[in-house]
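Protein chains in written order, with my numbering: chain A, 247 to 596; chain B, 132 to 447; chain C, 32 to 174.
One structure below.
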Amino acid sequence: MSELYIAKEKFPDAVRRLMDGSRVYGPVLEGQYHSFAQLKEPEDADLSFQNTRLSPKGLFNPQAERMFRFSLAKGDPEAGIVKEVPKDYSPRIILGIRPCDAVAFQLDDKNFDTETIQDPWWVKRRETTTMVGLACNSPCGTCFCTSVGTGPFDPAGLDVLLTDVGAGYVARGITEKGKKLLSGMVGGSEVSPRAAAKAAELKKAAEGSLGKVFDTGALAKKSMLELFNASFWDEIQFSCINCGTCTFLCPTCWCFDIQDETCQESGERLRLWDSCMFPLFTLHGSGHNPRAQKLQRVRQRFMHKLKYYPEKYKGGVACVGCGRCVKACPVNIDIRRVARTMSAGCSCPA
Amino acid sequence: MRAYTEKIREAAKRLFAEKRVDAVIGFRKGTVPFMNEPFLAKDVDQVDQLYWDSNCGVNLANYLPKRTDRVAIVAKGCDSRNIVVQLLENQIKREQLVILGAPCRGMIDRRRIAAELKGKEALQTNEAGGKILVAGRDFETALDREAFLQENCAICIHRNPVIYDELVGDLVPEQENVDRYADVRQVEAMSPEERRQYFDTLIAPCIRCYACRNACPACYCPTCFVDEAAPQWVGKTTDPTDTRTFHFLRAYHLAGRCTDCGACERACPVAIKVRQFTKKLEKDVKELYGYEVGLSLDQRPPLDTYQPGDPEPFIK
Amino acid sequence: MSDWEPKIVAFLCNWCSYGGADLAGVSRLQYPANIRIIRVPCSGRVNPKFILATLRHGADGIWVSGCHPGDCHYIEGNLYARRKFTLLRSLLEHTGIEPGRLHFSWISSAEATKFAETARTVVEAVRAAGPARHFIKKQAEVD
Numbered sequence: 247m248s249e250l251y252i253a254k255e256k257f258p259d260a261v262r263r264l265m266d267g268s269r270v271y272g273p274v275l276e277g278q279y280h281s282f283a284q285l286k287e288p289e290d291a292d293l294s295f296q297n298t299r300l301s302p303k304g305l306f307n308p309q310a311e312r313m314f315r316f317s318l319a320k321g322d323p324e325a326g327i328v329k330e331v332p333k334d335y336s337p338r339i340i341l342g343i344r345p346c347d348a349v350a351f352q353l354d355d356k357n358f359d360t361e362t363i364q365d366p367w368w369v370k371r372r373e374t375t376t377m378v379g380l381a382c383n384s385p386c387g388t389c390f391c392t393s394v395g396t397g398p399f400d401p402a403g404l405d406v407l408l409t410d411v412g413a414g415y416v417a418r419g420i421t422e423k424g425k426k427l428l429s430g431m432v433g434g435s436e437v438s439p440r441a442a443a444k445a446a447e448l449k450k451a452a453e454g455s456l457g458k459v460f461d462t463g464a465l466a467k468k469s470m471l472e473l474f475n476a477s478f479w480d481e482i483q484f485s486c487i488n489c490g491t492c493t494f495l496c497p498t499c500w501c502f503d504i505q506d507e508t509c510q511e512s513g514e515r516l517r518l519w520d521s522c523m524f525p526l527f528t529l530h531g532s533g534h535n536p537r538a539q540k541l542q543r544v545r546q547r548f549m550h551k552l553k554y555y556p557e558k559y560k561g562g563v564a565c566v567g568c569g570r571c572v573k574a575c576p577v578n579i580d581i582r583r584v585a586r587t588m589s590a591g592c593s594c595p596a
Numbered sequence: 132m133r134a135y136t137e138k139i140r141e142a143a144k145r146l147f148a149e150k151r152v153d154a155v156i157g158f159r160k161g162t163v164p165f166m167n168e169p170f171l172a173k174d175v176d177q178v179d180q181l182y183w184d185s186n187c188g189v190n191l192a193n194y195l196p197k198r199t200d201r202v203a204i205v206a207k208g209c210d211s212r213n214i215v216v217q218l219l220e221n222q223i224k225r226e227q228l229v230i231l232g233a234p235c236r237g238m239i240d241r242r243r244i245a246a247e248l249k250g251k252e253a254l255q256t257n258e259a260g261g262k263i264l265v266a267g268r269d270f271e272t273a274l275d276r277e278a279f280l281q282e283n284c285a286i287c288i289h290r291n292p293v294i295y296d297e298l299v300g301d302l303v304p305e306q307e308n309v310d311r312y313a314d315v316r317q318v319e320a321m322s323p324e325e326r327r328q329y330f331d332t333l334i335a336p337c338i339r340c341y342a343c344r345n346a347c348p349a350c351y352c353p354t355c356f357v358d359e360a361a362p363q364w365v366g367k368t369t370d371p372t373d374t375r376t377f378h379f380l381r382a383y384h385l386a387g388r389c390t391d392c393g394a395c396e397r398a399c400p401v402a403i404k405v406r407q408f409t410k411k412l413e414k415d416v417k418e419l420y421g422y423e424v425g426l427s428l429d430q431r432p433p434l435d436t437y438q439p440g441d442p443e444p445f446i447k
Numbered sequence: 032m033s034d035w036e037p038k039i040v041a042f043l044c045n046w047c048s049y050g051g052a053d054l055a056g057v058s059r060l061q062y063p064a065n066i067r068i069i070r071v072p073c074s075g076r077v078n079p080k081f082i083l084a085t086l087r088h089g090a091d092g093i094w095v096s097g098c099h100p101g102d103c104h105y106i107e108g109n110l111y112a113r114r115k116f117t118l119l120r121s122l123l124e125h126t127g128i129e130p131g132r133l134h135f136s137w138i139s140s141a142e143a144t145k146f147a148e149t150a151r152t153v154v155e156a157v158r159a160a161g162p163a164r165h166f167i168k169k170q171a172e173v174d
């Protein structure tokens, strides 16, 4: 089924039915902020949210991934054998994910799912997860998805796109996986022309409310070396405090560190989120650190997102305009301002 | 506090003209409501970007340690006390600094405002006559400034800079009869089990981004204990024991050095009230050793000295 | 549960407390075998990181002992340590460590009896607090 309408009164039951067959994750309010957590009840999901504080990338690439475990305990039949840690790949549904975050996973795929190397956990989780996205009727002041090639109603990366038209949701199946999910949904009915028109009107309004905050075309034309050696980095880097906030919240940041943690006779190998903002990120075993200076690290982050990635993969920037870094940066380093500076090639005040 | 902007710019221009400084550390206007960005003006052409309002909660003293140039720095009361700590700890030399003291009436807590707006997004803000004016997509409201200050500002007793070369505003009256330790006493009244739960819940959202540590002007160790690998004292995951160890030990490292500037709580992306760890030590240091951080260049920090008669009621 | 024996890690300063422990041994004084001693040059060497690491490893109790103030072999190590321990203990108790787990003492190298007595006191206090359950890091508790 490719389209249906679910009235809001019927939605909890529809979700409950989904929960019978899959683990369903939705935006749950925890303290001041929302995060994607497994729903115990359909009502746990707060679909009136703007967006979660942390991106949902943790559902595919957790902050700490147990890779292997090992033991040297006497008498342990598996002593001395490195064992893979079993994972739960039972079907999952992510309900209410925003289009920007879903597109981010496609950008992340370029890293985790390539022709030569596949990250087994990422790939398997992607295969067994269905993404039921929620279009943004009123994007935030910090959103700039339309400037980076996506949009508040962008279906790319989603299996199903929900649009909140007031009294209910218009659900559109985008992929085969999504259409299959819709076929199994309860409480749906045909989409009335009025609902369809409302959805189209909301899309237009949302996209129109977002201006263009920088020109990715102009950025693409700039010489990489010229950008690298530009003098404006000195000004941009000053306020950065090199915490990991931007990288941890960002849906397209994937850098990791691998570490073994041992306790007496057993241990495990963990893959952990790392951040290019941390001074030790590039510390070599020899003791040399090519990015020992803050300027080098700050420059690297923006160049990676806005220049290296598009040039390497011949596509768009590695940013989906979710605005999390803009909201959360403790010193208000604004990627929109940096990108404008980069594409104009000058130090623009605002 | 708006008039400060003019004074800061005037002082900066003058200091550049007199060649007394190589740069001025201040703020420039932020790109989102309730935020301003720390800014380093390197020549007189950049001076007009300097800006000041009630959203300048970041502690600029954070940018001082190990600097080798001469800088002017705009310092509120708390910032100036952190400068004193840095001077005591030889992280910067007095001769390098021209301190532009900024008497402060408290900084606005953007999270308190967000909670008040209940999910509505602030798109513009202004300040007038003791009120914070907030406007969004389809709403406008005026909030009482005093009710939306950062928690540490609400109980601040050192609003005026304790060390400065010139002032960019008139001295403000200090708050009196302030109970700085109500929250500490609340925890002190709990049983050990309740206290453990309290702190476990407090730091549960921690994502180990280290924004709190990096925003702190007193945290400047070249190698932080979390990065020590041989031995490794703290794991790098969000394991609750590791997270607890990090916050505990960081707070402990600030014993007798923390000025309660609130930069840590302000920086935290998930709004953890990390000051609940440091407030207890501030109270202890005051009660046990009669010491208040950052008030005098003649007093050594409490853990850097001792008295023969130091209390030791628990030592057998 | 009844055959649980507390494991207590004791940081003893080399010049006084360790000497006192040694004298207790040589004098055949009886004290509980639950103490695992780590010798440090001075009580001032004891870094709060050590105490936290000990807790993380699952020690049921921690005991730090040094020279009496004024008698430190390094003159003032224990005087700095006194302030360190006061603040550390205060913050540990404030954040929920059970009373009876953390102990400090000044024991000179001649005070063998005091060592044995203090050892007994410490062991009983830790026994009353029960096996350590919190602040222990074994496997990372992550999803």
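Even for Gly, the Cβ is constructed at its ideal location relative to N, Cα and C.
- With contacts defined by Cβ atoms closer than 8 Å, A:Met588 and A:Leu465 form a contacting pair.
- Interface annotation, C:His104: not in contact with chain B, CB-CB separation never under 8 Å.
- Residues of the region 400-423 of chain B with a C-beta atom less than 8 Å from some C-beta of chain C are Phe408, Lys411, Leu412, Asp415, Val416, Leu419, Tyr420, listed in chain order.
- For A:Gly419, there is no enclosing alpha helix (DSSP H); the residue is found in the beta strand (DSSP E) stretching over 414-419.
- With the rule of 3 Cβ pairs closer than 8 Å, the region 182-197 of chain B counts as touching the region 391-404 of chain B.
- For C:Arg87, the nearest beta carbon of chain B is closer than 8 Å to its own beta carbon.
- Looking from the CA of B:Leu248, the closest CA among B:Ala233, B:Lys404, B:Ala273 belongs to B:Ala273.
- Boundaries of the alpha helix (DSSP H) harbouring B:Leu146: 134-148, taken from the DSSP string.
- A:Arg344 is positioned such that its CB atom lies closer than 8 Å to that of A:Leu380.
- Look at A:Gly379 here: in three-state DSSP terms it is strand.
- Interface flag for B:Ile338 against chain C is unset, since no Cβ pair is found closer than 8 Å.
- Contact annotation, B:Ala342 with A:Thr491: C-beta distance approximately 5 Å; criterion of less than 8 Å satisfied.
- Taking C-beta separations shorter than 6 Å and ignoring five residues to either side along the sequence, the partners of B:Leu298 in its chain run Gly232, following chain order.
- When the five nearest sequence neighbours on each side are left out, the beta carbons in the same chain lying within less than 6 Å of the beta carbon of A:Cys565 are those of Val394, Lys551, in order along the chain.
- Listed as beta-bridge partners of A:Pro273 by DSSP are A:Phe282.
- At a cut-off of 8 Å between beta carbons, A:Ala310 contacts chain C.
- Given a length threshold of 3 residues, each whole run of the beta strand (DSSP E) inside the region 142-225 of chain B is given here in chain order: 154-160, 167-172, 202-206.
- Runs of the beta strand (DSSP E) lying entirely within the region 283-354 of chain A and spanning at least 3 residues, in chain order: 310-317, 338-343.
- Note that the C-beta distance between C:Leu118 and B:Asp415 is below 8 Å.
- Runs of the alpha helix (DSSP H) spanning 4 or more residues and lying entirely within the region 38-66 of chain C occur at 48-57, in chain order.
- According to DSSP, C:Trp137 shares a beta bridge with C:Gly97.
- Close to C:Tyr49, with beta-carbon spacing below 8 Å, lies no residue of chain B; the smallest spacing is near 16 Å.
- Residue pairing by DSSP places A:Ala445 opposite no residue, since no beta bridge is assigned to it.
- Inclusion of C:Arg59 and C:Ile93 in the CB contact set at 8 Å is not warranted, their separation being larger than that value.
- Under the 8 Å criterion on CB atoms, C:Glu172 is classed as interfacial with respect to chain B.
- Contact between the region 236-244 of chain B and the region 281-296 of chain B is present: 3 or more CB-CB pairs across the two stretches fall below 8 Å.
- A distance below 7 Å between beta-carbons, with the five flanking residues on each side excluded, links B:Ala172 to the following residues of its chain, in chain order: Ala143, Ala154, Val155, Gly157, Val178, Gln180, Leu181.
- Three or more beta-carbon pairs separated by less than 8 Å link the region 357-371 of chain A to the region 329-345 of chain A, which places the two stretches in contact.
- Cβ contact annotation for B:Phe170 (same chain, cutoff 7 Å, sequence separation greater than five): Gly157, Phe158, Arg159, Gln180, Leu181, in chain order.
- Membership of B:Gln255 in the beta strand (DSSP E) is indicated by the continuous run 253-259.
- The contact set of B:Asn257 on chain A, defined by CB atoms closer than 7 Å, is empty, because the minimum CB distance reaches about 15 Å.
- A:Asp400 and A:Val416 have their C-alpha atoms roughly 14 Å apart.
- Taking a 10 Å sphere around the C-beta of A:Phe474, we find fewer than 16 other C-beta atoms and assign the residue as exposed.
- Along the region 500-516 of chain A, going in chain order, the ones with a CB nearer than 9 Å to a CB of chain C are Glu507, Cys509, Gln510, Ser512, Gly513, Glu514, Leu516.
- DSSP assignment within the region 445-499 of chain A yields the following whole alpha helix (DSSP H) runs of 4 residues or more, N-terminal first: 462-467, 470-474, 479-483, 491-495.
- Taken through DSSP and simplified to helix, strand or coil, B:Lys262 comes out as strand.
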